[in-house]
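Residue numbers (this note's numbering), protein chains in the order written: chain A, 8 to 327; chain B, 11 to 264.
Here is the structure we will look at.
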Amino acid sequence: MATTLVLVTTSAGVADEVALQALALGRRLAAGGPVHALVIADEAAATGLGAWGATEVHLARHAELGSPAPDAVARILHDLALRLEAGIVVGPGTEAGNTILARAAARANLPFAANCVDVTIGDPLTVTRLRWGGSLLEEAAIHAGPAMLTVAPHVIAATPTGGVAAVAPFTPELDEADLAVRVVDRIAAAAGGVTLAEAKVVVSGGRGVGSADGFGPIEELAALLGAAVGCSRAVTISGWRSHTAQVGQTGTKIAPNLYIACGISGATQHMAGAKGAKKLLAVNKDAEAPIMSAADYAVIGDLHQVVPAISAEIRRVRGA
Amino acid sequence: MKVLVCIKSVPAVAGRITLTADARAIDTRHLGFAIGPHEECAVEQAVRIVEAGGGEAVVLTLGPAQALEQLRDALALGIARAIHLVTEGEEWDPESTTAAIVDAIRADEAASGPFDLILLGNEAGDSADYQVAVRLGRALGRPAVTAIKGMTIGEGTVRCEQEVDAGRDVYELRLPAIAAVLEGINLPRFPSVPGRLRAKNKPVEVSQPARPAQRLEMLRLVVPQLPAKQAEVLGRGPEAAPAVVAVLQELGVI
């Protein structure tokens, strides 16, 4: 039984999904012991956390916490871990969560394990964590405590417990150095269009498309399906499409109901971003391409002929 | 501006990863090596900053002898000189990696003056530890930002942009500062032949730091077992279109 502290990141009154997953892991590791949650500034989000397994919720309030300041949050987390004598400190394996836990570990002079999928309490505590965007797992021992770690997204289910936890507001101690890194401006995203990460259908092109202009038929099929257009890294490094369209380990991770991958071989880098797809249709000249062993459906053939034929058939079926 | 860019040489994995017999490393007998994707963009960013405003860009790596190849790749793109912290092939955990880099930075700054900006990739392409940049920041007492996809150099400052759900968050840091960048911040150039030739004669400073005890100790690697799938072949060539559309209808896509 270890006292567990979980950083719950939030936005506009709602706890982040991956943070609730971190809370689920924290509850498991606490094994009946106290599960403390730390929330920064967001009272509405803090109020609901008992229902997700927190036994005590600490709400940090400070005049300077109106915009993201990762070093300040790291200090608050570290100070609270010391005060609670926490044995394990957990956060969400998001960009925000990873940077805050890493900063807290640096401040505490402790190791930090990012994107864990499993944790075993013992001496030493061991973790299983993601490498290569999940294409490889690492088993590692953490030789100093409290153990600082984040939970990889969407591996551990967030489970409601129906509990209730009191929210204890407090004013953390911060100084100027903690606020040297902070958001000074926010540029709003352009509205409209289906985003790659949230699209229900994605149509992607790879090296096999051959050129920037070669994406015409892919765009046409995507438009017919109300899909987002994606691509592989080979395409972005060739300058055919912008990086915002890149599906992969170093691009966007997608989770559509259907992924249509055209002229994409299925390299590790790409599949790390595509494995959230429920169904995968591969269009490829090479029946032996690695993507075939990840695909549900395949068409063997040249995408330049196959993709326009699919679009034409959709139009015919729709009677247009 | 003096810019340092830290890179890692990683195996150029393409298909399925295979491990060495002791399961402590990727079997690289049939693989090449490359600069990690985020770090390729960090190198490009360093070169662009110096091209635009003058100064010097330096590349650093901690890695085995073979990582010299990736240092040469960076030198071929316009980096002036390299620092190679040579390891014996064993992995270094993020804390010991940071400590070795901090020592090298302090030594270089004592000899050649301070770096205004230190660039890294957001996470290493292989171990993905997400922490060396902020540990450097803590050790050197410099502000550090991560997940950066836009950067503008100002007067003694750097403006860094981070993609978030709502748009872009903007940080403004006083130099000297540290930034870990994401692929997509720029489109890296390919090395030219004259660039490659010049790279051969650029200085590479070599040292061999001692590897301390590892507090995040890798025990072994595991290739996750994915359910073996057998794709249903819907047909060959454009004649497959009706079968594809039937599947689209079955899935409720159309």
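Even glycine gets a Cβ: it sits at the ideal position worked out from N, Cα and C.
Looking at the DSSP output, residue 217 of chain B shares a beta bridge with B:95. The residue among A:114, A:311 and A:318 with its C-alpha nearest the C-alpha of residue 231 of chain A is A:318.
For the pair residue 104 of chain B and residue 141 of chain B, the CB atoms are nearer than the 8 Å cut-off. Residue 308 of chain A sits away from residue 270 of chain A, with the two beta carbons spaced by 8 Å or more. Taken atom to atom, the span from the alpha-carbon of residue 262 of chain A to that of residue 216 of chain A is near 23 Å. DSSP lists A:238 as the bridge partner or partners of residue 253 of chain A. Under the Cβ distance rule, residue 245 of chain B counts among the residues neighbouring chain A, one pair being separated by less than 8 Å. Membership of residue 33 of chain A in the alpha helix (DSSP H) is indicated by the continuous run 24 to 37. At a cut-off of 8 Å, the C-beta of residue 99 of chain B has no neighbouring C-beta in chain A.
At a cut-off of 4 residues, the continuous stretches assigned as alpha helix (DSSP H) that sit fully inside the segment 52 to 133 of chain B are 78 to 86 and 104 to 122. Interface with chain A (8 Å Cβ-Cβ cutoff): residue 83 of chain B is excluded. The bridge partners DSSP lists for residue 211 of chain A are A:237 and A:268.
Residue 232 of chain A reaches chain B at 258, 263 and 264, counting residues in chain order whose Cβ is nearer than 9 Å. With respect to residue 115 of chain A, residue 10 of chain A sits apart: the two C-beta atoms are not nearer than 8 Å. Checking the DSSP bridge columns, you'll see residue 176 of chain A partnered with A:66.
Identification of residues in the segment 148 to 181 of chain A having a C-beta nearer than 9 Å to some C-beta of chain B yields 148, 149, 150, 151 and 157, given in sequence order. Take residue 131 of chain B, set aside five residues on each side of it, and the residues of its chain with a beta-carbon closer than 6 Å to its own are 46, 48, 49 and 52, in chain order. One Cα belongs to residue 85 of chain B, the other to residue 208 of chain B, and the distance between them is close to 8 Å. Nearest to residue 37 of chain A by C-alpha distance, out of A:203, A:25, A:128 and A:24, is A:128. Residue 202 of chain B sits in coil when the DSSP states are folded into three classes, being neither helix nor strand. Residue 12 of chain B is bridged by DSSP to B:66. Residues of chain B with a Cβ closer than 7 Å to the Cβ of residue 17 of chain A do not exist; the shortest Cβ-Cβ separation is about 12 Å. Remark: three or more beta-carbon pairs, one from each stretch, lie closer than 8 Å, so the segment 145 to 164 of chain A and the segment 99 to 113 of chain A are flagged as touching. Close to chain B, meaning a Cβ-Cβ distance shorter than 8 Å, is no residue of the segment 22 to 33 of chain A at all.
Boundaries for residue 43 of chain A: no alpha helix (DSSP H) harbours it, while the beta strand (DSSP E) harbouring it runs 42 to 47, taken from the DSSP string. Excluding the 5 residues flanking it on each side, residue 153 of chain B has same chain C-beta neighbours closer than 6 Å at 183 and 187, in chain order. In the three-state reduction of the DSSP assignment, residue 87 of chain A falls in the helix class.
By the Cβ neighbour-count rule, residue 61 of chain A is buried, with 16 or more other Cβ atoms within 10 Å of its own. Cβ contact annotation for residue 167 of chain B (same chain, cutoff 7 Å, sequence separation greater than five): 182, 183, 184 and 185, in chain order.
Taken through DSSP and simplified to helix, strand or coil, residue 305 of chain A comes out as strand. For residue 181 of chain B, DSSP records a beta bridge to A:190 and B:170. Relative to the Cα of residue 192 of chain B, the nearest Cα in the group A:195, A:256 and A:226 belongs to A:256. Nearest CB-CB separation between residue 228 of chain B and chain A: below the 8 Å threshold. By the neighbour-count definition (other C-beta atoms within 10 Å, threshold 16), residue 132 of chain A is a buried residue.
Contact residues of the segment 185 to 196 of chain A toward chain B are 187, 188, 189, 190, 191, 192, 193, 194, 195 and 196 (C-beta to C-beta distance below 8 Å).
Residue 143 of chain A sits close to residue 231 of chain B, with the two beta carbons spaced by under 8 Å.
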